[in-house]
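Q: Residue numbers (this note's numbering), protein chains in the order written: chain A, 1 to 321; chain B, 1 to 432; chain C, 1 to 289. Glycine included, C-beta positions come from ideal geometry on N, C-alpha and C.
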Amino acid sequence: MQSTTTSEQAASAGGRSGPPDPVGPPPRRSSGRAWEWTLAALLLLPNLALLVVFTYRPLLDNIRLSFTDWNISAPVANPIGVANYVEWFGRADTRTVLGNTLVFTVATVGISMALGLALALLLDQRLRGRNLVRSVVFAPFVISGAAIGLAFQFVFDPQFGLVRDLLVRVGLGTPNFYQDSGWALFMVTFTYIWKNLGYTFVIYLAALQGRRADLDEAAEIDGASPWRHFRKVLLPQLRPTTFFLSITVLLSSVQVFDIINVMTRGGPVGNGTTTLVYQVYQETFLNQRAGYGATVATVMFLILLLVTVVQVRIMDKGQQT
Amino acid sequence: MNSFTRRGFLGLTGAAGVAGLSACAGTGTGVGGGESSGGASNTIEFWSNHPGTSKAVEQQIIDAFTEANPDLTVKLVDAGANYEEVAQKFNASLAGGAQPDVIVASDVTWFNFALNDQLSPLDDLLSEAGVDTSDYVDALYGDYLYDGAHFALPYARSTPLFYYNKELWSKAGLPDRGPETWEEFEEWSADLKAAVGADASAMQLADGSNYLDWYFQNMAWHFGGGYSREWTPTFSDPATVEAGTFLQRLSQDGVVTYNATPAASFSAGIAGCILESTGSLGGISTDAQFEVGTAFLPGTDNCPTGGAGVAIPANISDERKANAVKFVEFLTNPENTVLFTQATGYMPVRKSATELPEEQTYLEENPNARTAIDQLSATRSQDNARVLVPGGGLRIGTGLDQVAQGEDVATVFERLDAETQQAFENQIEPKL
Amino acid sequence: MIGRKEVAHGAEAASHRSPAMTVAGYVGMVLVVLLVAVPLFWIVITSLKERQDIYVRPAQWLPAPGTTDNYADVTTRIPFFDYFRNSLVITISLATIKIVLGVISAYALALLRFPGRGLVFLVVIAALMVPNQITVISNYALVAQLGWRNTFQGIIVPLAGVAFGTFLMRNQFLGLPSEIIEAARLDGAGPLKLLWRVALPMSWPTVVAFALITVVNEWNEYLWPFLMSDDSRTAPLPVGLTLLQNNDGVTNWGPVMAATVLAMLPVLVLFLVLQRQMIKGLTAGAVKS
Chain A
1 MQSTTTSEQA
11 ASAGGRSGPP
21 DPVGPPPRRS
31 SGRAWEWTLA
41 ALLLLPNLAL
51 LVVFTYRPLL
61 DNIRLSFTDW
71 NISAPVANPI
81 GVANYVEWFG
91 RADTRTVLGN
101 TLVFTVATVG
111 ISMALGLALA
121 LLLDQRLRGR
131 NLVRSVVFAP
141 FVISGAAIGL
151 AFQFVFDPQF
161 GLVRDLLVRV
171 GLGTPNFYQD
181 SGWALFMVTF
191 TYIWKNLGYT
201 FVIYLAALQG
211 RRADLDEAAE
221 IDGASPWRHF
231 RKVLLPQLRP
241 TTFFLSITVL
251 LSSVQVFDII
261 NVMTRGGPVG
271 NGTTTLVYQV
281 YQETFLNQRA
291 GYGATVATVM
301 FLILLLVTVV
311 QVRIMDKGQQ
321 T
Chain B
1 MNSFTRRGFL
11 GLTGAAGVAG
21 LSACAGTGTG
31 VGGGESSGGA
41 SNTIEFWSNH
51 PGTSKAVEQQ
61 IIDAFTEANP
71 DLTVKLVDAG
81 ANYEEVAQKF
91 NASLAGGAQP
101 DVIVASDVTW
111 FNFALNDQLS
121 PLDDLLSEAG
131 VDTSDYVDAL
141 YGDYLYDGAH
151 FALPYARSTP
161 LFYYNKELWS
171 KAGLPDRGPE
181 TWEEFEEWSA
191 DLKAAVGADA
201 SAMQLADGSN
211 YLDWYFQNMA
221 WHFGGGYSRE
231 WTPTFSDPAT
241 VEAGTFLQRL
251 SQDGVVTYNA
261 TPAASFSAGI
271 AGCILESTGS
281 LGGISTDAQF
291 EVGTAFLPGT
301 DNCPTGGAGV
311 AIPANISDER
321 KANAVKFVEF
331 LTNPENTVLF
341 TQATGYMPVR
351 KSATELPEEQ
361 TYLEENPNAR
371 TAIDQLSATR
381 SQDNARVLVP
391 GGGLRIGTGL
401 DQVAQGEDVA
411 TVFERLDAET
421 QQAFENQIEP
431 KL
Chain C
1 MIGRKEVAHG
11 AEAASHRSPA
21 MTVAGYVGMV
31 LVVLLVAVPL
41 FWIVITSLKE
51 RQDIYVRPAQ
61 WLPAPGTTDN
71 YADVTTRIPF
81 FDYFRNSLVI
91 TISLATIKIV
101 LGVISAYALA
111 LLRFPGRGLV
121 FLVVIAALMV
131 PNQITVISNY
141 ALVAQLGWRN
151 TFQGIIVPLA
161 GVAFGTFLMR
171 NQFLGLPSEI
181 IEAARLDGAG
191 PLKLLWRVAL
201 PMSWPTVVAF
211 ALITVVNEWN
221 EYLWPFLMSD
231 DSRTAPLPVG
241 LTLLQNNDGV
251 TNWGPVMAAT
261 VLAMLPVLVL
271 FLVLQRQMIK
281 GLTAGAVKS
């Protein structure tokens, strides 16, 4: 029950801090009327059933398999206790993979949210041609990760690529994006942000479109500067959206697969761009160590759960101050 | 706790999830043990990734097969964009549900299936069907030998070839042939570098994420080393270290550069030569705007084999296996291997194929294709450390990337020894 | 019946700005277009190049001569329109199911009170943390045993659970001004009327964003449809298009890029239509209530 209040308050927190009238779950006269319970159950059941059968059942399988030596093709999995977990904590590449995941995730979450917000603010203005520009910003998000990966192989190709072409034009050389781990990680991060900018953009744009005009007008009457207006009126209204994005962008970046698989296969030098999910794939399907892959997946799930709970708590605190 | 089966898990958690579905999810208790799940027995499901964009020619062969065997039908399934995806899909089918009758399995994916008893040993099936296996090219058929039995027939088989740009070759004043040894290549490299200019590479190789480990086998063997002898890793063998040092020297001298797609650089004229699969011959010939030369890999009798074979799952009915054998034999018979290889650039897998008139005409018109076939007699089956030890290709590719980037060869190769040994002990030894 | 004037939604940014801001706005747009559109341009231009012109140095910024052969190639070499039809079936079904399920789940989580509400919400969000690489094998076993391999329901049903949209819409519903919800309740609006006449009309931009993102995700879904489908009877575009690549040799990139462009267009058109709806819908919603 602890989590009940936490997450709920957090998600609804945003609207309450700045603007005058409270926004949030309505105060109730009485709690838990029978018809309300029944209705809620009816509305939630189909979705929950699908999630339980097709997400949680496999997740449970996965957790159980993480305590075995299961080979992906083997008919039988032998229980080996926590050996996989011990191995994960002791292995040299764990640090590299965690580091890659951290760098990739922090960069993608931070940059794509900031840029998405900036673009949404820009294209919320009445400017000529903004519909076209909105489509341009959204377009990369529409293309599949695999296709983007292929296209960006050209863009970053150290011999034929667009980046090389531009750098050579201004008299510079090109880094080798495929051999140098740092540049390779930069390359996949850039590509991912480029592709997913359309997502943060659209969500922020929807929030801006749905915001309350009366607050804008009030600010205008006060003669607030644009910056002050942004800080004091817009940002607080966007808080629930920011909270939502910070969770969903994080969860989807951690699970990046296509772009890495197509562009670098986790290389160079083996794990230069390997993130946790890519390691799950490599261990399960390429090294055939499905038990160990399940272990990495379970650890990842726990890390994400922890991070999300912390995010929820932070929003919770923000609401109280 | 005893060992428990995979289906056991799935059934159990299925039951925990939704009662209505659990009955279905829980049916298989014995891990597909001998049960021929799904699939009509007169329909042969062929799971292929259509190597070398071969879907059309595969369908053509299938049509001929069903015409000759009107009681059978063949369903060609798009089973993936590459060999890894076919393996992934087949692995999924092992968890439950219908298994295919025939799958394409690459040089690195077949063994784990065989080791886990998921592929049928073919020898008895083939002799029952009256197939004479001695006509298969020995090295190619021998690749699928494990524990006294063969687990696949060679199908889309390739080897690396040495491709060179004849224009650059003559500009560099080199004879119109490939280097006979790696030492000779090193002697040529200064002239070659001068000829290609600062902006291009004398030689370009695929990097460690793109099968450098396959090509480097040739260099390792040339220096008398290798990745392993049987199951014993031999990376730290002085001869292998010498080969690694040689590669590192070529890299540091700027003779060799690395890329994900050397064939593209070569076709564009900015790599003087490359080592590439025979399967790329068609594409390179189309793309290159200069005369392309092909040659054996440097050295003698040290060309690794590669590519894929066709295999038959173990847990399908005997009747389905018999039909499947009929089909894979047809698919790889002399006429069809010629048809298939001429459409794709792979190697004919039958000795008698080269005697067929249509193949002889073809080879006269395509001297570069002849190089590949002539080289077949110089092939050598790959080392276990790459193709049989799980994750071998990736592991070795990583090490070679490190070598190319200047890490100490002996240290890197000792690490490879240890990692390979560990993977062998954990994943293979208990099952041998 | 509901005081809508004082909470008029859907404001555009203030229309009176300083000229400097306007100029900055246009400069910003040009920068965005450059950064985002250049790689897009590259994809389009590659799709119009002849094979030998793709890998050349220096890079060719304009195809000379251009060709539409790649597009013809895509539509003739593979059963493109079959894959396209399958993509439509899968995407439309999934988007419809997910939007309905997402909206009603979110409604229950945001506007109904029942025990364990927070826990249910956590269960929904946590589903976003499970990567599909680990769900596919055991789902395959289940679906294959139902006999659903190579069927649309086999592809659709396991993907139909909606976590993202539930989260998004719940957030949206919780952000609605409580006085309006209360006023509607006092007016005796039943739960369905409350959803249909009050909550949804006020949430239109978010519903549109939800729909767009769902369509995009389902349109590009690869791993699960690939495992489930066997051929062009059920395989969607992303699976079918891999047939254009030579998976063991040299790929001709022209047709691959042409296919990318063709696959992108329908969704982009949908965006153009819906993004106008984002604004129109608001006005309509305000009037309706």
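Please classify W227 (chain A) as buried or exposed, where buried requires at least 16 other C-beta atoms within 10 Å of its C-beta.
A: So W227 (chain A) ends up on the exposed side.
Q: Am I right that R157 (chain B) and Y346 (chain B) are in contact with their C-beta atoms under 8 angstroms? What's the rounded C-beta distance?
A: About 6 angstroms; that satisfies the 8 angstroms criterion.
Q: Whose C-alpha, out of B:A308, B:N82, B:K321, is nearest the C-alpha of S127 (chain B)?
A: When only C-alpha atoms are compared, the closest one is B:K321.
Q: Relative to the C-alpha of S106 (chain B), which residue among B:D135, B:A343, B:Y144 is closest?
A: Out of B:D135, B:A343, B:Y144, B:Y144 has the C-alpha closest to the C-alpha of S106 (chain B).
Q: Please name the residue or residues paired with I44 (chain B) in a DSSP beta bridge.
A: Answer by DSSP bridge pairing, in chain order: B:V74.
Q: Considering Cα atoms alone, identify which of A:Q237, A:G182, A:F156 is closest to L176 (chain C).
A: Cα-wise, what sits closest to L176 (chain C) is A:Q237.
Q: For I62 (chain B), tell me which candidate among B:E329, B:P357, B:A372 has the shortest Cα-Cα distance.
A: Among B:E329, B:P357, B:A372, the Cα nearest to that of I62 (chain B) belongs to B:E329.
Q: What's the gap between the Cα of F243 (chain A) and the Cα of P175 (chain A)?
A: Near 36 angstroms, if we compare the C-alpha coordinates of P175 (chain A) and F243 (chain A).
Q: Assign R170 (chain C) to one of two classes, buried (16 or more other C-beta atoms within 10 Å of its C-beta) or exposed (fewer than that).
A: So R170 (chain C) ends up on the buried side.
Q: Could you have a look at G8 (chain B) and say whether DSSP puts it in helix, strand or coil?
A: At G8 (chain B) the pLDDT is 41, less than 50, meaning the model places this residue with poor confidence; the figure from the coordinates comes in the next sentence. Three-state result, G8 (chain B): helix.
Q: Can you tell me where the alpha helix (DSSP H) with R134 (chain A) in it begins and where it stops?
A: Residues 130-142.
Q: Tell me where the beta strand (DSSP E) around T257 (chain B) begins and ends.
A: Segment 256-259, the beta strand (DSSP E) holding T257 (chain B).
Q: According to DSSP, which residues form a beta bridge with L161 (chain B)?
A: According to DSSP, which records beta bridges pairwise, L161 (chain B) is partnered with B:E276.
Q: Going along chain A in order, which residues have a C-beta closer than 7 angstroms to the C-beta of S265 (chain B)?
A: Per Cβ cutoff of 7 angstroms: Q159.
Q: Beta-carbon within less than 7 angstroms of V296 (chain A)'s beta-carbon, same chain only, minus the 5 sequence neighbours each way: which residues are those?
A: Excluding residues within five positions, the ones whose Cβ falls inside 7 angstroms are W88, L276, Q279, V280, E283.
Q: Against chain C, with Cβ distances strictly below 7 angstroms, would D117 (chain B) count as a contact?
A: No, because no Cβ of chain C sits closer than 7 angstroms to the Cβ of D117 (chain B).
Q: How about V267 (chain C) and V216 (chain C): do their beta carbons lie closer than 7 angstroms?
A: In this structure, V216 (chain C) lies closer than 7 angstroms to V267 (chain C) by Cβ.
Q: In the DSSP assignment, find the alpha helix (DSSP H) that holds V239 (chain C) and state where it starts and stops.
A: 237-241 is the span of the alpha helix (DSSP H), which, as asked, contains V239 (chain C).
Q: Between the beta-carbon of R57 (chain C) and the beta-carbon of F154 (chain A), is there less than 7 angstroms?
A: No, they are not a contact pair.
Q: Tell me whether L297 (chain B) sits in a helix, a strand or coil according to DSSP, three-state version.
A: Note: L297 (chain B) maps to coil in three-state DSSP.
Q: Look at N112 (chain B) and A79 (chain B) and say whether their C-beta atoms are less than 7 angstroms apart.
A: Result no, Cβ atoms of N112 (chain B) and A79 (chain B) do not sit closer than 7 angstroms.
Q: Considering only the beta carbon of each residue, do V104 (chain B) and A410 (chain B) sit closer than 7 angstroms?
A: Not closer than 7 angstroms, so no.
Q: Ordered along the chain, which non-local residues of its own chain (more than five positions away) have a Cβ less than 7 angstroms from that of S229 (chain C)?
A: Cβ neighbours of S229 (chain C) beyond the five flanking positions: N150, I155, A235, V239.
Q: Could you work out which residue in A:L245, A:K232, A:S225 is closest to Q172 (chain C) when comparing CA atoms only?
A: When each option's Cα is compared against that of Q172 (chain C), the closest is A:L245.
Q: DSSP three-state label for I80 (chain A), please.
A: Correct three-state label for I80 (chain A): coil.
Q: Can you give me the C-alpha to C-alpha distance between D82 (chain C) and A139 (chain A), rounded to a whole angstrom?
A: Cα to Cα, the separation comes out at about 24 angstroms.
Q: Could you check whether the Cβ of S138 (chain C) sits closer than 7 angstroms to any Cβ belonging to chain A?
A: True, the Cβ-Cβ gap to chain A drops below 7 angstroms.
Q: Hey, L416 (chain B) and G208 (chain B): beta-carbon distance below 7 angstroms or not?
A: For L416 (chain B) and G208 (chain B), no; Cβs fall outside 7 angstroms.
Q: Whose C-beta lies closer than 8 angstroms to the C-beta of A129 (chain B) among residues of the same chain, with five residues either side of it excluded?
A: Closer than 8 angstroms at Cβ, skipping near neighbours: A322, V325, K326, E329.
Q: Roughly how many whole angstroms lie between the Cα atoms of P430 (chain B) and A149 (chain B)?
A: The alpha-carbon atoms of P430 (chain B) and A149 (chain B) are separated by roughly 19 angstroms.
Q: By Cβ distance below 6 angstroms, which residues in the same chain neighbour L205 (chain A) in space, the five residues on each side in sequence not counted?
A: Contacts found: A120.
Q: Mind checking F223 (chain B): buried by the 16 CB within 10 Å criterion, or exposed?
A: Its Cβ being crowded by 16 or more others within 10 Å, F223 (chain B) is buried.
Q: Taking only the alpha-carbon atoms, compute the straight-line gap between A40 (chain A) and G147 (chain C) and give it to the nearest angstrom.
A: Distance between the alpha carbons of A40 (chain A) and G147 (chain C): 33 angstroms.
Q: Does the distance from the C-beta atom of Y227 (chain B) to that of R386 (chain B) stay below 7 angstroms?
A: Yes, Cβ-Cβ distance for Y227 (chain B) and R386 (chain B) is below 7 angstroms.
Q: Determine the contact status of G161 (chain C) and L305 (chain A), defining contact as a CB-CB distance below 7 angstroms.
A: In this structure, L305 (chain A) does not lie closer than 7 angstroms to G161 (chain C) by Cβ.
Q: On the DSSP bridge list, what partners appear for L205 (chain B)?
A: Beta-bridge pairing links L205 (chain B) to B:Y258.
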